[in-house]
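Taken in order, these protein sequences are the chains called A and B. For the record, in the first sequence the residue sitting at position 269 is 272 according to our numbering, with numbers rising by one throughout. For the record, in the second sequence the residue sitting at position 354 is 357 according to our numbering, with numbers rising by one throughout.
2 protein chains.
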Amino acid sequence: MYMAMRAMGLVDDGVAHAETPSLRPGSGNGSSVVILGAGLAGLSAAWELKKAGYAVTVLEARDRVGGRNWTVRRGSKIAHTDKPEQTCTFEDGQYFNAGPARIPSHHQATLGYCQELGVEMEVLVNHSDSALIQADGFNGGKPMQMRQAIHNVRGHVASLLAKGVRNGGVDTALTAEDQARLVENLIGWGGLDADLAFRHSESSGLLVEPGAGDVVGKPRDAMVLASLLHPMAWGAPTFHDIIDMQATMLQPVGGMDRIPMAFAGKLGRAITLNAQVTGLKRKGAGVEVAWMDRAGATHATTADHCICTIPFPVLAGIENDFSSNRQAVIKNAVYGDSTKIAFQSPRFWEARDQIYGGLSFTDRDTLMTWYPSGRFLHPTGVLVAGYSFAGPATRLGSLPLAEGQAYARETVERLHPGQSGKLTDGVTVHWGKVPFNLGIAGEVAQEDPAGYTLMNDPDGPYLFAGEHLSHVGAWQQGAIVSGWRAVNAIAARRASQSLAQPA
Amino acid sequence: MYMAMRAMGLVDDGVAHAETPSLRPGSGNGSSVVILGAGLAGLSAAWELKKAGYAVTVLEARDRVGGRNWTVRRGSKIAHTDKPEQTCTFEDGQYFNAGPARIPSHHQATLGYCQELGVEMEVLVNHSDSALIQADGFNGGKPMQMRQAIHNVRGHVASLLAKGVRNGGVDTALTAEDQARLVENLIGWGGLDADLAFRHSESSGLLVEPGAGDVVGKPRDAMVLASLLHPMAWGAPTFHDIIDMQATMLQPVGGMDRIPMAFAGKLGRAITLNAQVTGLKRKGAGVEVAWMDRAGATHATTADHCICTIPFPVLAGIENDFSSNRQAVIKNAVYGDSTKIAFQSPRFWEARDQIYGGLSFTDRDTLMTWYPSGRFLHPTGVLVAGYSFAGPATRLGSLPLAEGQAYARETVERLHPGQSGKLTDGVTVHWGKVPFNLGIAGEVAQEDPAGYTLMNDPDGPYLFAGEHLSHVGAWQQGAIVSGWRAVNAIAARRASQSLAQPA
């Protein structure tokens, strides 16, 4: 029996793990699961369990599915615990993804569902060589194109190393022949002249655009190395070299929420919206979940198993009978923060500045300015003027709305002088103060490794899931694989319960 | 009068040049222009002249507009001078761009028309970090992901230079403080450990994908520097750093030929298809163009001015009364070559290999293998198995169709072992042997600078235009700005003719 279960992928030396669930259709018949939260963890778990025959109920506190996967468009209401409600006033068809906004090529759990559910995809531009970096202590405060920083850094590094190797000042541990090959490669890679100097580089940008007739193109001259030592010149242009940020990145056409909406289409009435969980308790071998509807009426849902995807800062405020050590982990959990401030605007960044998608960086609290990846050449678009993390996000998000949006406008003004007046319809989302989230990216694995392990183990009928219980924190992929892990744990629990019963 | 003309942009010290034409509406009334060739040079010139009131006739030898801008889809007939005709058998909705397939962000002449004409655009993926490089003498012949080559090269370069600087073996001409900043930047940029060693890099790829619970990600170990010295490891991954290849690149949704089709929609009956030019001669101050229709009937079109965009290898075979020194330039012109071999296929490169658009490179005559940038996650797509230039393109294109396509399959097999059997519906386009082109990218500026200057000057009523008369060779941008130059020259010619006439 054990071997059969193992072959079925239900157990693996007793430890449920994060493999793609492949539960037999019908294997869940007669068993019920209540799932708390219709974010990506809850939705993917619900869908896998439903396919296997489980009776699934998803309770979602909001009036929409998706959780942090949230596309803000005309009419969206944006609530914070500390600010007045905003209503988005963009033109129809304009939007921005307030939560996750990118899918990396290697996040195959996420992309697999996009394929399975028929979500139409397009490229998400995470890097444009025409995008800008700007910092007070760099380039006289003037914005600089990515390409100029990237290729000046590369050119100077190549030149210094090639000269050092040729002069014998660098210990390469290579044969003389291989050293010569290294220098040869550095010449091409860095755009060096034959004497190993870096003097100019077309890759760093054109001073004169080539044309017809006698209009010959002219590359930018090299910058002086000493002027390139600001960390912004080395760090910002390599943001898209982070493994999760590398090309090609994708997004659903029409908004990231196409993914939860596609799950919802499959799950239908298994999802109850406006169901705010107020209490959790064990009942027999299962659970009873108390919840309140929008009108304030109370309800109770019982099930054999419970997957709880509620973010810990929210869960800490819900009455429960989890083990006391788990309650402590939940109470002490550290969560990240993020703020996005977006505006509708004429697309001054396109024809004028040749930026079609991608991110500009400043050293201000707005951190990143993100240009839209779709609807190129249309008259208007939504500019995410500030996309910020951690301390800067908390500072920026804690400002009164008008003040935060004025700050974000000033960032755009520094990047695109004279243009910020075109920004309209400002919207702020500060995740640390968004009800039912109160943060992003639980840092449980990093900050409390023992607690992380504990929360990944079933607590009787309770399974915990979400990006915060994965090593892919903040990503939809992490939520999904954590959801899968819970699904596998339920299948294992059900199998062991069946074994324990008299035949 | 001269100053007024100059202010109107009609003359600039007597030299027509490649500025955006801004001819006054009605300024061309009563004057006629015959344009030879409905490629991008001819179409953009025709559109600008039409807007100014000129009577425009575009004669196009083929049964379609666009010239080298050619999207091959189901039913497309592919003719070569040396091979049997092919008919494309892709599924409906599948296509590839046989000619230009990318628009760089800085090609604002091209993008400006896309905007003006309402051509819907999407991202053209020119680089994927998951794409592959493969060469017999590199990595044991096994394909390697771009990201592994890119970040091992960067890591080793950073490590060698940082150690060299710290040890005083490299003359940086920096202060001690700046040297320390340089080393600090190199640590982050190259992914170095604190001791300046490059040992591993998540950016170079993941050995283990992180998951839920206890599934911790693991980066690839560093490669040995000596194994990284093949030029493929340094060159291919920096292809997208060439100024014309940098992100973001765009393409029209549905095929590059949406651009000429949009021009054609505006020009309407000004374009005559199936009109093969057979002779050109001066008539009074204007020209008479003899041409033959599909049925073999001959026609003559007269006009005050003529813009000839016919590629020189084709033009050399057409009777004309150009100046003899121009005839010599045309006869001796050197043109480039290019071959594309495409197949329809299930998208094995996507979920399996995590490649969504972008280019893989081999050291074979196919050179580049190009994955589709649209319709991600759909069951099938069109893979450009080989996209080759110059000598390799001529060798590849000169093979019999079946042989060339078998060679391209073998390239795909080396990049994606076990997958090449899935390729169907092969199509070959070898531009050197395509009638009415006989090559790509006239290399007149490079190979015959005096001839280039001469051809850019009007020859009485004849103006010559096309990418071959620009410094943006092979690009649509070059064709357009050359077309603009001809338009400006016609406006100047007309103005000087008006001046010469009695008031």
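Beta carbons are placed, not taken as given, at the ideal position from N, Cα and C, and that holds for glycine.
In the three-state reduction of the DSSP assignment, H203 of chain A falls in the strand class. The criterion of a C-beta distance shorter than 8 Å is not satisfied by V61 of chain B and A265 of chain B.
With contacts defined as CB atoms closer than 8 Å, L135 of chain B and V332 of chain B fail to qualify as a contacting pair. Cβ-Cβ distances below 6 Å link V387 of chain B to F99, K343, A345, W373 in the same chain, with the five nearest sequence neighbours on each side left out; the list follows chain order. In this chain, the alpha helix (DSSP H) harbouring V332 of chain B covers 327-335. Assignment of beta-bridge partners to D462 of chain A by DSSP yields A:Y465. As a beta-bridge residue in DSSP terms, Y374 of chain A pairs with A:G361.
When C-beta distances to chain B are compared with 8 Å, the residues of the segment 452-464 of chain A below that value are T456, N459, in chain order.
Inside the segment 264-347 of chain B, DSSP marks whole alpha helix (DSSP H) runs of 4 or more residues at positions 315-318, 327-335, from first to last along the chain. Between the beta-carbon of F325 of chain A and that of D451 of chain A there is about 15 Å, and that puts the pair past the 8 Å contact cut. Below the 7 Å Cβ cutoff, chain A contributes E205, S206, L209 as neighbours of I246 of chain B, in chain order. Exposure of I245 of chain B is indicated by the presence of fewer than 16 other C-beta atoms within 10 angstroms of its C-beta. Here L276 of chain A really is in contact with D66 of chain A; their C-beta atoms are around 5 Å apart, less than 8 Å.
Restricted to the segment 412-494 of chain A, the alpha helix (DSSP H) segments that are unbroken, complete and at least 4 residues in length are 447-450, 452-459, listed in chain order. A:H203 is the residue among A:H203, A:A215, A:V430 whose C-alpha sits nearest the C-alpha of R223 of chain A.
In the structure shown, F93 of chain A adopts coil according to DSSP, grouped into three states. Following the DSSP letters along the chain, one finds A388 of chain A inside the beta strand (DSSP E) bounded by residues 383-392. CA-to-CA, the gap between E63 of chain A and A300 of chain A works out to about 15 Å. Here DSSP, grouped into helix, strand and coil, assigns P349 of chain A to strand. In the same chain as S162 of chain B, and ignoring 5 residues on each side of it, the C-beta atoms closer than 7 Å to its own belong to G193, L195, L199, A200, F201, in chain order. For the 8 Å CB-CB criterion, Q480 of chain B and T92 of chain B do not form a contact. As DSSP reads the structure, E125 of chain A sits in a beta bridge with A:Q254. DSSP lists no beta-bridge partner residue for L210 of chain B.
Taking C-alpha positions only, G102 of chain B is separated from A393 of chain B by approximately 15 Å. Taking every protein chain shown into account, the CB of T431 of chain B has 16 or more other CB atoms within 10 angstroms, so this residue is buried. Contact check between the segment 351-366 of chain A and the segment 411-422 of chain A: three or more CB pairs, one atom from each, fall below 8 Å, which counts as touching. Chain B has a Cβ within less than 8 Å of the Cβ of G167 of chain A. Judged by DSSP secondary structure, T113 of chain A falls within the alpha helix (DSSP H) whose first and last residues are 111-119. If you draw a straight line from the Cα of A489 of chain B to the Cα of I358 of chain A, it is about 30 Å long. By the rule that beta-carbons nearer than 8 Å mark a contact, P403 of chain A does not touch chain B.
For the segment 234-263 of chain B, the residues whose beta carbon sits under 7 Å from a beta carbon of chain A are, in order, P234, W237, G238, T241, D244, I245, I246, Q249, A250, T251, L253. Interface criterion not met: the Cβ of R71 of chain B is under 8 Å from no Cβ in chain A. As computed with DSSP, P107 of chain B is found in a beta bridge with B:M252. Per DSSP, the continuous alpha helix (DSSP H) segment holding A165 of chain B begins and ends at 149-169. Cβ proximity to chain B below 9 Å picks out G115, C117, Q118, G121, V122, E123, M124, E125, V126, L127 from the segment 115-127 of chain A. In the DSSP assignment, S35 of chain B forms a beta bridge with B:A58.
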